[in-house]
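So the structure is just underneath, and the comments pick up after that.
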Amino acid sequence: MRRFLPYGLLLPVLLMVGLLVFSLLDGLLQSLGYFPAAGLNNFTLSYYKAVLGDSTLHGSLAYSLYLALVSALLSTLGGIGLSALLLRCKKPDSWLFRLPIAMPHAVVAFFAIILLSQTGLFSRLAAALMGMEEPGAFPLLVQDKAGFGVIFAYVFKQIPYVMSVVILLMRRVSGTYTEAARTLGASPRRAFFSVTLPLCMPAVSTAFIIIFAYAFGAYELPFLLGATLPRALPVQANMEFLSPDLRHRPYAMVYNSLMLLFGVLFIALYLAAFKKLTGDNKAVKS
Amino acid sequence: MKKLLLFLCGLCILLPLGMLVLYAFAGRWPWPALFPESFSAARLYDTLDGSTLSVLLRSIGSSFLSALLSTLVAAPAARAIACYHFPGKRIIRALLLAPVLLPSTAYFVGLQTLFTRLGIIDTTLAVILSHAIVILPYGVWTLTDVMNSVGLGLEEQARSLGASPFSALATVTLPLLLPALVSVTALGFVISFGQYFLTLMIGGGRVRTFAMLAVPYIQGGDRQLSALYSLIFVGISAGIYSLFGGIMARHYKDAAAIGKGAM
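Residue numbers (the numbering used here), protein chains in the order written: chain A, 1433 to 1718; chain B, 5 to 267.
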C-alpha cells in the first residue's frame, strides 16, 4: 500500500500534465496528414516536405533562434553582473530589482514602445540634445528586423530572474571558496572568474536554457514588438493555425511539431544541466 | 562606481514606471516635448466604467482560482518527489518540465485541441484549468525545495507520540509549509494574471480577462489607455507579489528564491 502512496500524491499532476502531452500527439498525427475531420485519412510526409522547403519557415526559424540566443545571452550576462554588484550589499534582494518578475509581458512591451519607438523617450531626448528634426530620423528600434525591442523586453524581464537563481548560490560560494582563493593570494578579479563564476555556472546554464526556450516559443512579445518580415516562428505558426481552411491545418501542425521537437531538445539539455547543478551543489555544501 | 551602476539599473526600472503615470494622465503630449503639454483625466473616467471594473474583478477571481488549484495539486506532488523514492521519479520530473520548456505557442495549440475534445473550449473553466497547467511546474519546484528542507522528521515524531496521520499532517507539516503555500499561490496568481495569448486561444475571445482588455490598446498604439491599463496591471501584479511573495523568504533560511523560473 505504502509503495503506491507517492503515485497517489502525484496523480492529479500526472493527470494535468499527462493530458497536455497526450493532446500534443493529436497535432503530430495531423502534421502527418491524418485529420479525419477535414477528410484527410492518409499518412504522408508531403506536408513536412512542403514546409521544410519553404523559405518562410527558414526566415522565421532563423529570426526566432536569433532572438532567443541574444535575449538569453544578454539576460544571463546582465544577471551575473548585477548579482556580483549586489553581492556585498546588505539587502541583496531589493524589491525594486525583483519588480520586473511580477510585470506582465504586455506591460514590458509597452515600456519598449514608450522608450524606444520613433516617438518614444529616447527619440525625444535625441531631439532635445542633438537637434533631431523629425521622429522619422530616429532609428527603427521597435518592430524592426534586428528585433531590438523584443530583445530589450526579454532582457528587462529576465535579468531579475537570473539574479534570483544565481545570487543565493553566489553568496554561498563567495563566503567559502572565493574567500579561500583570496587568502591564497588571488586578485579579486581572478577569484571571481576562476572560482566564483565556474561554481555558479550550472545554475546559470539552467537559467539560460529556460530563457532561451521561453524566448523561442512565446507569442506576446514578438507579436507586439517583432518585425512583420520575417515573422518570429510563434507568430508565423499561429498565422498558419488561424487559416480558416481546415485542409491547411496539417501545415500549421508541421510548424507546431517542429517547435515541439526543439522543445524536446531543450528538455534534454535542461536535464543534463540540472544533473550537473545538483551534483555540484552537493559538492559545495559538503 | 558600483553605486552609480546600481543607481542606473534602478533607474531603468523606475523610469518607465514614471512614464506610465505621465502617459496615463497626459492630455496632449506631442513629439518632441519631454513632458506633457496638458493633463486630463476625462478619458480615464470614461474607460473605468462598471464593465471594465467587473472584468477586472472577475479576472482577479479566476487568476486566484487558477493559482489555488495549481497549489493544491502541486503540494502533494512536491511531497511525493521530496520525501519518497520510487521508480519513475525521473520521468515525472522530465514531464513536469513540459509546460516550461516546450515552446508555449505550440503546446497552447495542444491545450486548445484538448479542451475542444472535452467540450469546454471558450469557457472560464477551460481558461482556469489551462492557466493552472502553465503555473504548475513553478509550484512543484518551489514546494519540493521547501519540503526537502522541512522533511518528514517532525511529522514522524508526532506520529510516534500517538498523533493520527491526519492530525500530524494538519498540525505539524501544514503550518510549516503555510508560508511557502501562500508565496507559491501569489506567484501563480501573477503568472496567470499576465497571460494574454493563452487566454485568447482557450477562451476564444469570449472569456474576457483584464489582459484581453489591455493588450489591444497596446497593440493599437493608444498610449493613454495603454498606460492606464498597464498601471493597474503592474499595481495588482506587483502588489500581490511583494505582499505575499516575500513571506517565504522570511520564513525559510536559504530557501530557494520565490519566483525561480517565473516568466
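For glycine and all other residues, C-beta sits at the position ideal for the given N, C-alpha and C.
Cβ neighbours of residue i in the same chain (closer than 7 Å, five flanking residues each side left out)
{"i": "A1705 (chain A)", "result": "P1634, S1637, T1638 and I1641"}
{"i": "Y1479 (chain A)", "result": "S1463, G1465, P1682, Y1683 and V1686"}
{"i": "M1595 (chain A)", "result": "G1511, L1514, S1515 and F1529"}
{"i": "A260 (chain B)", "result": "In this prediction, A260 (chain B) scores a pLDDT of 48, lower than 50, which makes its location untrustworthy; the coordinate-derived value is nonetheless stated afterwards. Taken in chain order, the residues that qualify are T146 and D149."}
{"i": "N1474 (chain A)", "result": "G1465"}
{"i": "I244 (chain B)", "result": "A190, F193 and V194"}
{"i": "G263 (chain B)", "result": "At G263 (chain B) the pLDDT is 40, less than 50, meaning the model places this residue with poor confidence and gives no usable figure here."}
For residue i, three-class secondary structure by DSSP
{"i": "F39 (chain B)", "result": "coil"}
{"i": "A1618 (chain A)", "result": "coil"}
{"i": "L1472 (chain A)", "result": "strand"}
{"i": "A1578 (chain A)", "result": "coil"}
{"i": "F1543 (chain A)", "result": "helix"}
{"i": "F1467 (chain A)", "result": "strand"}
{"i": "A167 (chain B)", "result": "coil"}
{"i": "A30 (chain B)", "result": "strand"}
{"i": "L1758 (chain A)", "result": "Absent from the structure is residue 1758 (chain A), since the part of chain A shown begins at 1433 and ends at 1718."}
{"i": "T1610 (chain A)", "result": "helix"}
{"i": "R212 (chain B)", "result": "coil"}
{"i": "D1677 (chain A)", "result": "coil"}
{"i": "L1572 (chain A)", "result": "coil"}
{"i": "G1440 (chain A)", "result": "helix"}
{"i": "R1663 (chain A)", "result": "coil"}
{"i": "D149 (chain B)", "result": "helix"}
{"i": "Y256 (chain B)", "result": "coil"}
{"i": "M1564 (chain A)", "result": "coil"}
{"i": "D1458 (chain A)", "result": "helix"}
{"i": "M5 (chain B)", "result": "coil"}
{"i": "G1485 (chain A)", "result": "coil"}
{"i": "Q1590 (chain A)", "result": "helix"}
{"i": "Q161 (chain B)", "result": "helix"}
{"i": "Q1550 (chain A)", "result": "coil"}
{"i": "A1601 (chain A)", "result": "The sequence given here places Leu at residue 1601 (chain A); Ala does not occur at that position. If DSSP states are grouped into helix, strand and coil, L1601 (chain A) belongs with the helices."}
{"i": "Y1651 (chain A)", "result": "coil"}
Buried versus exposed, by CB contacts within 10 Å (16 or more), residue i
{"i": "K1589 (chain A)", "result": "buried"}
{"i": "S25 (chain B)", "result": "Looking at the sequence shown, residue 25 (chain B) is not Ser but Val. Under this definition V25 (chain B) is an exposed residue."}
{"i": "Q1668 (chain A)", "result": "buried"}
{"i": "I85 (chain B)", "result": "buried"}
{"i": "F1421 (chain A)", "result": "Because chain A is modelled from 1433 through 1718, residue 1421 (chain A) falls outside the range shown and cannot be assessed."}
{"i": "C1632 (chain A)", "result": "buried"}
{"i": "L1547 (chain A)", "result": "buried"}
{"i": "V1696 (chain A)", "result": "exposed"}
{"i": "L8 (chain B)", "result": "exposed"}
{"i": "H1537 (chain A)", "result": "buried"}
{"i": "C1521 (chain A)", "result": "exposed"}
{"i": "Y49 (chain B)", "result": "exposed"}
{"i": "P1571 (chain A)", "result": "exposed"}
{"i": "T203 (chain B)", "result": "buried"}
{"i": "S134 (chain B)", "result": "buried"}
{"i": "T1710 (chain A)", "result": "exposed"}
Closer than 9 Å to chain A by CB, residue i
{"i": "L101 (chain B)", "result": "yes"}
{"i": "R210 (chain B)", "result": "no"}
{"i": "T109 (chain B)", "result": "yes"}
{"i": "L156 (chain B)", "result": "no"}
{"i": "G192 (chain B)", "result": "no"}
Cβ shell of residue i (< 8 Å), same chain only, five flanking positions each side left out
{"i": "A1618 (chain A)", "result": "S1626 and V1627"}
{"i": "S58 (chain B)", "result": "none"}
{"i": "R1622 (chain A)", "result": "A1613"}
{"i": "L101 (chain B)", "result": "P141"}
Minimum Cβ-Cβ distance from residue i to chain B less than 9 Å
{"i": "S1718 (chain A)", "result": "Model confidence at S1718 (chain A) stands at a pLDDT of 43, short of 50, so the residue's coordinates are unreliable and nothing is read from them."}
{"i": "R1435 (chain A)", "result": "yes"}
{"i": "M1602 (chain A)", "result": "no"}
{"i": "C1632 (chain A)", "result": "no"}
{"i": "N1473 (chain A)", "result": "no"}
{"i": "V1583 (chain A)", "result": "Checking the displayed sequence, the identity of residue 1583 (chain A) turns out to be Ile instead of Val. Chain B contact via Cβ: absent."}
{"i": "T1488 (chain A)", "result": "no"}
{"i": "V1605 (chain A)", "result": "no"}
{"i": "R1556 (chain A)", "result": "yes"}
{"i": "S1492 (chain A)", "result": "no"}
{"i": "I1699 (chain A)", "result": "yes"}
{"i": "T1608 (chain A)", "result": "no"}
{"i": "I1512 (chain A)", "result": "no"}
Neighbourhood of residue i by C-beta distance below 6 Å, restricted to the same chain and skipping five residues each side
{"i": "R1679 (chain A)", "result": "A1470"}
{"i": "L1472 (chain A)", "result": "G1465"}
Note down, one range per segment and in chain order, each alpha helix (DSSP H) of at least 4 residues found wholly within the region 50–132 of chain B. 54–87, 93–100, 102–105 and 108–122
Can you list the alpha helix (DSSP H) stretches of 4 or more residues lying completely in the region 190–237 of chain B, in chain order? 201–207 and 214–224
Alpha helix (DSSP H) runs contained entirely in the region 1498–1541 of chain A, provided each spans 4 or more residues: 1527–1530
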